[in-house]
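Peer 1: Chains Z, X, Y and S are the protein sequences, given in the same order. Just so it is clear: in the first sequence, position 214 is 214 by UniProt numbering, and no numbers are missing. Just so it is clear: in the second sequence, position 152 is 152 by UniProt numbering, and no numbers are missing. Just so it is clear: in the third sequence, position 162 is 162 by UniProt numbering, and no numbers are missing. Just so it is clear: in the fourth sequence, position 57 is 57 by UniProt numbering, and no numbers are missing. Don't be surprised by glycine CBs; every beta carbon is placed ideally from N, CA and C.
Number of protein chains: 4
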Amino acid sequence: MINVGVLGATGAVGQRFVQLLADHPWFHLEALTASERSAGKKFGNVVNWRLDAPFPESIGDIAVTPTTVESVKNCDLVFSALPADIATSIEADIAAAGVAVCSNARSHRMDPIVPLVVPEVNPDHLGLIDVQRDRGRDGFIVTNPNCSTIVLVMALAPLRSFAFRDVRVATMQAISGGGFSGVSAMDIYDNVVPYIGSEEEKMETETLKIMGTFDGAEVQDAPFSVSASCHRVPVVDGHTLAVWVDVENPVDEVKKAYASFKSPFSNLPLQPAKPVEIFDQPDRPQPRLDRNRGRGMTVSVGRIREGLRFVALGHNTIRGAAGASVLNAELIYSKKYL
Amino acid sequence: MINVGVLGATGAVGQRFVQLLADHPWFHLEALTASERSAGKKFGNVVNWRLDAPFPESIGDIAVTPTTVESVKNCDLVFSALPADIATSIEADIAAAGVAVCSNARSHRMDPIVPLVVPEVNPDHLGLIDVQRDRGRDGFIVTNPNCSTIVLVMALAPLRSFAFRDVRVATMQAISGGGFSGVSAMDIYDNVVPYIGSEEEKMETETLKIMGTFDGAEVQDAPFSVSASCHRVPVVDGHTLAVWVDVENPVDEVKKAYASFKSPFSNLPLQPAKPVEIFDQPDRPQPRLDRNRGRGMTVSVGRIREGLRFVALGHNTIRGAAGASVLNAELIYSKKYL
Amino acid sequence: MINVGVLGATGAVGQRFVQLLADHPWFHLEALTASERSAGKKFGNVVNWRLDAPFPESIGDIAVTPTTVESVKNCDLVFSALPADIATSIEADIAAAGVAVCSNARSHRMDPIVPLVVPEVNPDHLGLIDVQRDRGRDGFIVTNPNCSTIVLVMALAPLRSFAFRDVRVATMQAISGGGFSGVSAMDIYDNVVPYIGSEEEKMETETLKIMGTFDGAEVQDAPFSVSASCHRVPVVDGHTLAVWVDVENPVDEVKKAYASFKSPFSNLPLQPAKPVEIFDQPDRPQPRLDRNRGRGMTVSVGRIREGLRFVALGHNTIRGAAGASVLNAELIYSKKYL
Amino acid sequence: MINVGVLGATGAVGQRFVQLLADHPWFHLEALTASERSAGKKFGNVVNWRLDAPFPESIGDIAVTPTTVESVKNCDLVFSALPADIATSIEADIAAAGVAVCSNARSHRMDPIVPLVVPEVNPDHLGLIDVQRDRGRDGFIVTNPNCSTIVLVMALAPLRSFAFRDVRVATMQAISGGGFSGVSAMDIYDNVVPYIGSEEEKMETETLKIMGTFDGAEVQDAPFSVSASCHRVPVVDGHTLAVWVDVENPVDEVKKAYASFKSPFSNLPLQPAKPVEIFDQPDRPQPRLDRNRGRGMTVSVGRIREGLRFVALGHNTIRGAAGASVLNAELIYSKKYL
């Protein structure tokens, strides 16, 4: 068993990490960090558990530690659910201390030597771990993309062979993307908020890095452009995307490309049976009905029609955050980087 | 005073008509029609008033009549809130009987001799009324566009001089667009439904007719294409649109074009002070906060940014339905077509 | 394995039955009935699956049959998810034909010879099955209570020894209680509807029957009164109840009574570890967070305070409908009534 | 014209005050206070206007001042929308400085010499102003009740002659009661929160003071008890109450009592035509449809049935907060206390 820790374990993404790791077949939860004022107390007494999945009683007695390098010295790998302003330096310090970091924070995503990975899309980018080591880091940092970026990337990956150049995407994002208290009810109830700070920039840059090519030394951005318009809608979980791609091929060919898309791995505990599921019904996917497919790890695609237009959907705090990070860690472990 | 009637006065759009007409300075409510089983009863006893505006008591005693030509023979003009399957023949019959019809139904919108009008955009298309008369109709039919089309058209009209060719639009549409009982709560709560039957086709065809050119005999479609992706979101009233247009001009020029856009009329009772209102705040417009601007007749535009991308918003049952029809009737009257 | 069928398998409650029975250790799904127009087709092609749990592929190929006695002749027991107007006669006919009926319909609940049962509360009422047999029925009918009644009954049962006389209950009920299309979005969004047809009467009568005493021949109503006020709120699943009971005992004693409340059985597959779970946090239970406890079969009680006042919560389509019926069937089978 | 100020003008209740006072026939908006960091700036530049009513442009240029005695020295009367922790001392200081204070804060509501007033219910309690003056205050403080208390009091006032003793009330309260950011979307969406801090205590004590008797020197609590259970539901505006009162009289008599209830005044600008409106429809009142009756100042009562049970509804930020305070000020002015 690999000893793992969660940085920022009490927040919305932190709780998802805990949920996914409590009974993990490969990873043993060794450390849970939080703010100073929670340090020393039992996790079960400190956390205000707000997931609809039941609290995993088995880890309730773990003593919470402060978010420091010292706290995770017995871990082989840590997951970071920290806000970006805190993540930047502590993640680097932990990696320098020889621990692997799988981070959901945006801090290091665009760093040229840090892999920004989606296992089904660009597993080879993990090669950047060696670049980090060559630069003298004892541990390393691996990141996963923003919650809406990953849904887009999973939906575009099966279309790679069509050599598209122009992607437009309008998002309808869930309130859980703002954490437990990031979105006030008065802001979003009976409403749409047509703005999420720096979300469009993330989608437009991260997508190109993930779908770019890695030559063993660096990643070259993918040769297309993404133009995003991001909106918050009154949905608890699940980001829905309306996408246009300049693919001229017939819809049938596109559907075949989706149908033949498979994960290059079959041994990762959290990977879903279908990374991308295709719908033929005219009114699917829908977030409330489809976000939990593949235990929240499947991205659903439907309404594939001329244009080329389609609708994509994914669970933003599982496939779009904690689950993405855990799947990366599983890939890292299976590739013997630990 | 012009005597007017409302066809289908008890439904969601019908009630909006009644609300807008109850105290109208030019129009006198003479007839309210509904289904056979309501005929003969007082409107106040028959209608299940479900608007948040108070019921206009003054017209509660009007006796409801069946939806027939006979029922509106004393009217100079009728507004139609009928469903399309009923509207097609009865609207034609009423027009044949010498009564003007302002219809919100889609039945005759794409008929080459029927004007599809937005007063601020294509008032000259009313010239098709003469074409109808030349063909032997005693009355005439004038239509207003679909509820999401009109928001798009109002937001595109100020950009006409930029000679764009390619429009993409993703809609986030309110539940009231489905009438009082068209959308079930289990379908839309905590959810997005990425499909609204034939809505995309309407946006893609109606927009071109409205923004097309009328040469005195027929309307030539506007020379651009519209690609729409339509979605229902959990909002009571107000359709929000994310729009891309291939305008390369600087954003400042675009904002100037919006700022200088004005209605060609200033004497119509229902027209708003600003047909299009521009927002500089990063997170506006929002349906709950902005749908009622200009008594529901103003279309709001914000987030104008390179791409060219922007967000547009309008009240779907006022500017997008009953209000559009009443404004058309005001234009018709002021142009002396009655 | 016991062969079972589901009457009305395509509706909201019917789908819950199918979900709970697809992998049941004791029951084998033999028959699924629906309306005439679905008869003969595969269930997987006919059902519009709208639960967030995945569709159980294993039963997709079962051929749907019409809702007749003939259709279920190979079943030992059928579950009824029929609307009351249809249920009344067909359930009686099926019971007459020698098949056991576990019904969620209200049709026979108040029939003096039909047990209205909650396994943890009045399992002895199953003795009425013998009364039915004595009257010449080959099979029998057993019913479960209305969705809000059962939450109340589960919350009152642990307080029986306090001999209360006066119960007041205000409900905040979920939209799924109206089925997939029973509640329109325009009715309930941003709203409370302070009325649910005949719901108050059901709570006021069914509660007394369930908590009444059975002397081997008939049930005597419990000696207290219930006054209910029922309201629909914008929640997908989970009925929340604010309850007053005239118990003068200290709150600590009441909490002890709850803590010591246990199911009289431990061998029923669907029974939860805790039939009633108590919360000490000031703001629990909450429907979104707590409705799925015990796979939807646990009733949660919190805010126990002087008055005596408390808040109770249960999943209305699992514990309050399909799950209640399946648990009854499990009790019936374990008691060897089949 | 009376010069008035608003303390805490930028918050949710503060904005409602501004909306109601911008065009008031008797009151002239002289001062708007906010936090230090807004001081000196124009109100229009500082406020993030989030009401669906349009921003009153006429007062956009007023310079915001800090919340101090000095800032309101030119006011005859100030309205307080301050949070309780700040309100306690500054309101007392302002009153000491000779200015009248109409406060929505809870700080002084239960002070024996401060009137807690609802104009239609206990206008005579304003006599406590003289008691304050006798104690040496140059100005005075008058308070209005909590947002849910006032709905209950308005619904109970017409029943006074029935001499009831026992009131139970379950509330379903709107999210706007928590201010613009008090309730997070993740807390309340698809959910009910069965707890609002100290709300039950407020309802149970304030009601008795308001309905108590004033003998010219002090107020004697009303001789009944209130037991409240308070819940937050996903509604934007409008508190709905399910009420039980031990009135044995026939429902018809109760309805007559409601029908004959009238305001003792007819000259106050904000008072509604009907302080309490009665519904006979089985499913009314409903917050989205009825909260704006009487410009938000009417309390609606329906479902009056044996028990005695009924449902009451009022707009929580108008009748329940800013509007209550303005109506009090109008009464104070008309009674020549200024």
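Cutting at 7 Å between CB atoms, please list the residues of its own chain near Ser58 of chain Z, excluding the five before and the five after it.
Peer 2: For Ser58 of chain Z, where only same-chain residues beyond five positions count, the Cβ hits under 7 Å are Ala22.
Peer 1: Please return the same chain residues whose Cβ sits closer than 8 Å to the Cβ of Val311 of chain S, not counting the five positions on each side in sequence.
Peer 2: So the qualifying residues of the chain are Thr240, Leu241, Ala242, Val243, Pro285, Val301, Gly302, Arg303.
Peer 1: Nearest to Val64 of chain S by alpha carbon, out of S:Asn104, S:Leu51, S:Leu7, S:Phe79?
Peer 2: Out of S:Asn104, S:Leu51, S:Leu7, S:Phe79, S:Leu7 has the C-alpha closest to the C-alpha of Val64 of chain S.
Peer 1: Would you check if the segment 120-130 of chain X and the segment 286-293 of chain X touch, i.e. whether three or more CB-CB distances between them fall below 8 Å?
Peer 2: Segments in contact, no.
Peer 1: Within 10 angstroms of the Cβ of Asn122 of chain Y, are there 16 or more other Cβ atoms? Answer buried if so, exposed if not.
Peer 2: Its Cβ being crowded by 16 or more others within 10 Å, Asn122 of chain Y is buried.
Peer 1: Rounded to a whole number of angstroms, what is the C-alpha to C-alpha distance between Gln271 of chain X and Lys73 of chain X?
Peer 2: The alpha-carbon atoms of Gln271 of chain X and Lys73 of chain X are separated by roughly 28 Å.
Peer 1: Say whether chain S places a C-beta atom closer than 8 Å to the C-beta of Met172 of chain Z.
Peer 2: Chain S, which has no Cβ nearer than 8 Å to the Cβ of Met172 of chain Z, makes this no.
Peer 1: Using a Cβ-Cβ distance cut-off of 8 Å, determine whether Asn292 of chain Y contacts chain Z.
Peer 2: Yes, Asn292 of chain Y lies at the interface with chain Z (some Cβ there is under 8 Å from its Cβ).
Peer 1: In chain Y, which residues lie less than 9 Å from Ile188 of chain X when you measure between Cβ atoms?
Peer 2: Those within 9 Å of Ile188 of chain X in chain Y are Ala185, Tyr189.
Peer 1: Please classify Asp252 of chain Z: is it buried, with 16 or more other beta-carbons within 10 angstroms of its beta-carbon, or exposed?
Peer 2: Exposed.
Peer 1: When the Cα of Asn104 of chain Y is compared with those of Y:Leu338, Y:Val169, Y:Ala322, which residue comes out closest?
Peer 2: Answer by Cα proximity: Y:Ala322.
Peer 1: Between the Cα of Ser263 of chain Z and the Cα atoms of Z:Phe79, Z:Glu277, Z:Arg168, which residue gives the shortest distance?
Peer 2: When each option's Cα is compared against that of Ser263 of chain Z, the closest is Z:Glu277.
Peer 1: Nearest to Asn45 of chain Z by alpha carbon, out of Z:Leu20, Z:Cys75, Z:Glu70, Z:Ala9?
Peer 2: Comparing Cα-Cα distances from Asn45 of chain Z to each of Z:Leu20, Z:Cys75, Z:Glu70, Z:Ala9, the minimum goes to Z:Ala9.
Peer 1: Determine whether the Cβ of Ile318 of chain Y lies closer than 8 Å to any Cβ atom of chain X.
Peer 2: No, because no Cβ of chain X sits closer than 8 Å to the Cβ of Ile318 of chain Y.
Peer 1: Among X:Val236, X:His28, X:Ser181, X:Glu206, whose alpha-carbon lies nearest the alpha-carbon of Val114 of chain X?
Peer 2: The shortest Cα separation from Val114 of chain X among X:Val236, X:His28, X:Ser181, X:Glu206 belongs to X:Glu206.
Peer 1: By the DSSP assignment, the alpha helix (DSSP H) with Glu201 of chain Y in it spans what residues?
Peer 2: From DSSP, the alpha helix (DSSP H) with Glu201 of chain Y extends over 199-210.
Peer 1: In angstroms with no decimal places, state the Cα-to-Cα distance between Leu338 of chain S and Gly5 of chain X.
Peer 2: Roughly 53 Å between the two C-alpha positions.
Peer 1: I'd like to confirm the pairing. Which residues does DSSP put opposite Met172 of chain X in its beta bridges?
Peer 2: Beta-bridge pairing links Met172 of chain X to X:His231, X:Thr240.
Peer 1: Just by C-beta distance, which residues in the segment 213-245 of chain Y are closer than 7 Å to chain S?
Peer 2: Those residues of the segment 213-245 of chain Y that come within reach of chain S (Cβ to Cβ, closer than 7 Å) are Ser227, Ser229, His231, Val233, Pro234, Val235, Val236, Thr240, Ala242, Trp244.
Peer 1: Scan the segment 74-94 of chain Z for residues whose Cβ lies nearer than 7 Å to a Cβ of chain Y and list them as they occur along the chain.
Peer 2: Hits within the stretch: zero.
Peer 1: Quick one: is Ser263 of chain S near chain Z, going by C-beta distance under 8 Å?
Peer 2: Not an interface residue.
Peer 1: Which whole-angstrom value is the C-beta distance of Asn144 of chain X and Ser325 of chain X, which I expect to be below 8 Å?
Peer 2: At roughly 5 Å, the Cβ-Cβ gap stays under 8 Å, so Asn144 of chain X and Ser325 of chain X are in contact.
Peer 1: Who are the neighbours of Arg50 of chain Z on chain Y, taking C-beta pairs under 8 Å?
Peer 2: Under the 8 Å cutoff, chain Y gives Leu289.
Peer 1: Which residues in the same chain have their Cβ closer than 7 Å to the Cβ of Lys202 of chain X, if we skip the five residues on either side of it in sequence?
Peer 2: Same-chain partners within the cutoff: Arg106, Asn146, Thr149.
Peer 1: Report yes if the CB atom of Leu20 of chain S is closer than 8 Å to the CB atom of Pro119 of chain S, and no otherwise.
Peer 2: Not a contact, by the Cβ cut-off of 8 Å.
Peer 1: Decide if Asp190 of chain S is buried, meaning its Cβ has at least 16 other Cβ atoms within 10 Å, or exposed.
Peer 2: Classification for Asp190 of chain S: buried.
Peer 1: Looking at Val153 of chain Z and Ala228 of chain Z, is the spacing between their C-beta atoms short of 8 Å?
Peer 2: No, the pair does not count as a contact, with Cβ atoms beyond the cut-off.
Peer 1: So with Cβ pairs under 8 Å, would you call Gly139 of chain X a contact of chain Z?
Peer 2: False, the Cβ-Cβ gap to chain Z never drops below 8 Å.
Peer 1: Just by C-beta distance, which residues in the segment 142-167 of chain X are closer than 9 Å to chain Z?
Peer 2: Hits within the stretch: zero.
Peer 1: What residue range does the beta strand (DSSP E) around Ser300 of chain Y cover?
Peer 2: Its beta strand (DSSP E) spans residues 299-305.
Peer 1: Taking 8 Å as the CB-CB limit, is Ile175 of chain Z close to chain S?
Peer 2: Cβ-Cβ to chain S under 8 Å: yes for Ile175 of chain Z.
Peer 1: Of all the alpha helix (DSSP H) runs that stay within the bounds of the segment 2-63 of chain Y, which reach a length of 4 or more residues?
Peer 2: The qualifying runs are 12-21, 43-46.
Peer 1: Using CA atoms only, rank isn't needed, just tell me which of X:Lys255, X:Ile94, X:Gly296, X:Asp280 is closest to Ala273 of chain X.
Peer 2: Ranking X:Lys255, X:Ile94, X:Gly296, X:Asp280 by Cα distance to Ala273 of chain X puts X:Gly296 first.
Peer 1: In its own chain, which residues sit with a C-beta less than 8 Å from the C-beta of Leu29 of chain X, not counting the 5 before and 5 after it?
Peer 2: Only Val4, Gly5, Val6, Val18, Leu21, Ala22, Ile59, Ile62 meet the Cβ criterion.
Peer 1: Using the Cα positions of Arg266 of chain Z and Pro275 of chain Z, report the straight-line distance between them to the nearest angstrom.
Peer 2: Per the sequence presented here, residue 266 of chain Z reads as Ser, with Arg not at that position. When rounded, the distance between both Cα atoms is 11 Å.
Peer 1: Which of the three DSSP states, helix, strand or coil, is assigned to Val117 of chain Y?
Peer 2: Three-state result, Val117 of chain Y: coil.
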